[in-house]
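To keep things clear, I will list the structure first and then write my remarks on it.
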Amino acid sequence: MKRRELSLAMLAAAALPIVGACTPPTRGTSAPPSTTLSRAEWRDLLPADRFAVLFEEATERPFSSPLNDEQRSGTYICAACHLPLFESRHKYDSGTGWPSFTQPIAGSMGTKPDYKLLIRRTEYHCIRCGGHQGHVFRDGPPPRGERWCNNGLALLFIPEGEALPPLRG
Ligand SMILES: [Zn+2]
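Taking the working numbering, the leading residue of the sequence shown gets 34, the next gets one more, and so forth.
Pasting the structure below:
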C-alpha cells in the first residue's frame with residue numbers, strides 16, 4: 034500500500050466511530066421519560082384493586098373487567114401513568130376472560146421472565162412507570178401469533194375523539 038492510500042484508509046477508519054456516535058437517536062424509539070413517583074405515592078393515587086395489579090403483580094378474576102366487552106375504537110392507556118399502551122384495532126376476543134391484544138403500541142412495554150406458576154411466562158409492564166400489565170403468550174392469531182393478556186384494572190380506555198389525559202407521575 035502506498036503511503037497516500039494508507040493515510041486515506043486510516044482517515045476512513047478513524048471517521049467511522051465518529052459518524053456512529055453523532056447519529057441522533059431515531060425519534061419514537063427512545064423510551065418516554067420515567068416517572069418520579071415512589072411506590073408509596075402510587076399507592077396513595079390509585080384505588081387498592083388497581084394498585085394490587087399494577088405494583089404487586091396481582092391478577093384480576095377472569096371475566097371481571099368491563100373492558101372485556103369494550104368494542105369501541107380508541108386507546109388503552111396505563112391506569113397509573115397514562116402512557117398509551119394498546120390501540121383498539123389490536124384488541125380481540127381470546128375467550129380467556131381478560132382483555133387481549135395482538136400487539137402493544139411499539140416501545141410502550143418492557144418484559145421479564147416470570148416463573149411464579151413454575152412454567153416460564155413472559156411478564157410485561159408499562160415502560161414508563163413499571164406498572165405490571167399482564168403476560169404475553171405465543172398462542173395468538175396470525176400474523177404475529179402473540180396474545181397480550183392484560184388485566185383490565187391496569188388499563189383505562191379512552192374512546193376515539195376524546196383527548197388523552199396528560200401523563201402523570
Ligand atoms: Zn405506566
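Yeah, the Cβ is synthetic: ideal placement off N, Cα and C, and Gly gets one too.
With a cutoff of 7 Å, R72 does not count as near ligand 1, since its C-beta is closer than that to no heavy atom of the ligand.
Just measuring C-alpha positions, the residue of F170, D82, T92 and L116 sitting nearest G140 is L116. Its chain contains P95 and F96 as the residues whose beta carbon lies nearer than 6 Å to that of G130, once the 5 sequence neighbours on both sides are disregarded; these appear in chain order. Going by beta carbons, G167 and C111 fall outside the 8 Å limit.
Remark: the C-beta of R153 is outside contact range of ligand 1, defined as less than 7 Å to any heavy atom. Straight-line measurement puts the Cα of P132 at about 15 Å from the Cα of H158.
W181 sits in a strand when the DSSP states are folded into three classes.
If you draw a straight line from the Cα of R76 to the Cα of A85, it is about 9 Å long. Here the alpha carbons of L200 and L189 stand approximately 13 Å from one another. Using a 10 angstroms sphere on the CB of R161, the tally of other CB atoms reaches 16 or more, which defines it as buried. Going down the chain, each residue whose beta-carbon is closer than 6 Å to a heavy atom of ligand 1 shows up: C111, A113, C114, L116, C159, R161, C162 and G164.
The alpha-carbon separation between F119 and R153 amounts to approximately 24 Å. If you ignore the 5 residues before and after K149, its C-beta comes within less than 7 Å of no other C-beta in its own chain. The residues A113, G164, H165 and A187, in chain order, have a CB closer than 6 Å to that of L87 in the same chain once the five nearest residues on each side in sequence are set aside. A direct Cα-to-Cα measurement between R83 and Y125 gives close to 22 Å.
About 5 Å separates the CB atoms of N184 and E93; that is less than 8 Å, so the two are in contact. The Cβ-Cβ distance between R180 and S127 falls below 8 Å.
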